[in-house]
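There are 2 protein chains.
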Amino acid sequence: MNLNIDKLDLQIIEYLTQDAQISYADLGKKLFVSPGTVHVRIKKLQESGIVSGTRMHVDLKKLGFDVIAFIGIYLEKSSLYDVVASELVKIPEIVRMNYTTGNWSIFAEVVCKDIAQLRSVLHDELQKIKGIERTETFISLEESLNRTVKVMADEENDAP
Amino acid sequence: MNLNIDKLDLQIIEYLTQDAQISYADLGKKLFVSPGTVHVRIKKLQESGIVSGTRMHVDLKKLGFDVIAFIGIYLEKSSLYDVVASELVKIPEIVRMNYTTGNWSIFAEVVCKDIAQLRSVLHDELQKIKGIERTETFISLEESLNRTVKVMADEENDAP
DNA sequence: ATTGAAAGAGTCTCAGT
DNA sequence: ACTGAGACTCTTTCAAT
Numbered sequence: 001m002n003l004n005i006d007k008l009d010l011q012i013i014e015y016l017t018q019d020a021q022i023s024y025a026d027l028g029k030k031l032f033v034s035p036g037t038v039h040v041r042i043k044k045l046q047e048s049g050i051v052s053g054t055r056m057h058v059d060l061k062k063l064g065f066d067v068i069a070f071i072g073i074y075l076e077k078s079s080l081y082d083v084v085a086s087e088l089v090k091i092p093e094i095v096r097m098n099y100t101t102g103n104w105s106i107f108a109e110v111v112c113k114d115i116a117q118l119r120s121v122l123h124d125e126l127q128k129i130k131g132i133e134r135t136e137t138f139i140s141l142e143e144s145l146n147r148t149v150k151v152m153a154d155e156e157n158d159a160p
Numbered sequence: 001m002n003l004n005i006d007k008l009d010l011q012i013i014e015y016l017t018q019d020a021q022i023s024y025a026d027l028g029k030k031l032f033v034s035p036g037t038v039h040v041r042i043k044k045l046q047e048s049g050i051v052s053g054t055r056m057h058v059d060l061k062k063l064g065f066d067v068i069a070f071i072g073i074y075l076e077k078s079s080l081y082d083v084v085a086s087e088l089v090k091i092p093e094i095v096r097m098n099y100t101t102g103n104w105s106i107f108a109e110v111v112c113k114d115i116a117q118l119r120s121v122l123h124d125e126l127q128k129i130k131g132i133e134r135t136e137t138f139i140s141l142e143e144s145l146n147r148t149v150k151v152m153a154d155e156e157n158d159a160p
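Which chain is which? The protein sequence lines are H and Y, in order. First residue of the first sequence: 1, per UniProt numbering; consecutive thereafter. First residue of the second sequence: 1, per UniProt numbering; consecutive thereafter.
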């Protein structure tokens, strides 16, 4: 698929990555193009695979998920990455996994209802996975920022 | 605001946090209620602040952002958190910040186009912020999982 | 590639249960 | 609190530029 991304595409991405609820009509007004053009561009972005989907975001604390934690995982051998990762995916509390440089082989993020549930993930779930040497856990006491990356270099702005 | 979240609410959240594009009509069919009921529930979730918004997701690599990295930040004094955080927010490459237990005071995530840009963030941007003692950087070589938390304990399933 | 207009689909409201 | 139907808005298509 061809990826000829111009300024208009980036502007559309910039808006929709922050709020995907805005209508094509309103977005068109902001960007001085017709709703049809917005539609064509978004369709292009979806077909090219640049847009991978749309997700609703919820306030996890209000749903009773009070604990976010990061877990650095040391493996006995780094070649065990795939097999350990495939076990970790089965744990629903794990929402993200990255294969990283540095101390650990795997860096994971978990979301739990409380400390007891986190303890259960660490002690019950992770312990039974073969290949994990040890783990280091960092509990988030406060998430002070969570945003999307700015896809446009701020060369130009658009008039009101 | 009252938060009386029942099973139907959780099912709606479960679907929409994975794909916010599904129509109320289709969601109603899956959950055996009318589109109007889905609408009422979602409106309730939005007004109660449980739903914090909807975001389009993009494949960052396809937009030229090839580097995701995690940065652990040591502060000279942990009381400097607020003042340092307010400086970090100004750096557009930083997309997430957590105040964590353990080694570091601040744990940040950055998204960059390439290693040169990451180096610039570390060397040019972070260096000039007073109060940062040192940093540790972990570059993600692969993101093998990125999903939302399962909000429903899997007690019950719904028939097809 | 963008537009304006028409057709189709979805959201939103409300009276009834 | 849920539903079904109507009113309304938005998406989607398409011929024309």
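Here a beta-carbon is modelled for each residue, glycine too, at the ideal position from N, C-alpha and C.
- Membership of residue 86 (chain Y) in the alpha helix (DSSP H) is indicated by the continuous run 81-88.
- Sequence-distant partners of residue 104 (chain Y) (beyond 5 residues in either direction) whose C-beta falls short of 7 Å from its own C-beta, in its chain, are 72, 73 and 74.
- Within the segment 141-156 of chain Y, those residues whose Cβ lies closer than 9 Å to any Cβ of chain H are, in chain order, 141, 142, 143, 144, 145, 146, 147, 148, 149, 150, 151 and 154.
- At least one CB atom of chain H sits nearer than 7 Å to the CB of residue 21 (chain Y).
- Annotated as proximal: residue 38 (chain H) and residue 28 (chain H), with beta-carbon spacing under 7 Å.
- Residue contact with chain H for residue 17 (chain Y): present (Cβ-Cβ distance below 7 Å to some residue of chain H).
- Three or more Cβ pairs closer than 8 Å define a contact, and the segment 51-68 of chain Y meets that threshold against the segment 11-21 of chain H.
- Residue pairing by DSSP places residue 57 (chain Y) opposite H:53 in a beta bridge.
- Boundaries of the beta strand (DSSP E) around residue 132 (chain Y): 132-146.
- Residue 93 (chain Y) and residue 128 (chain Y) have their C-alpha atoms spaced approximately 16 Å apart.
- Sorting H:60, H:100, H:70 and H:78 by C-alpha distance to the C-alpha of residue 132 (chain H) places H:78 at the top.
- DSSP lists Y:110 and Y:139 as the beta-bridge partner residues of residue 69 (chain Y).
- Between residue 149 (chain Y) and residue 151 (chain H), the C-beta spacing is not below 7 Å.
- Per DSSP, the beta-bridge partners of residue 97 (chain Y) are H:145 and Y:108.
- Distance check between residue 107 (chain Y) and each of Y:136, Y:83 and Y:90 places Y:136 closest, using alpha-carbon atoms only.
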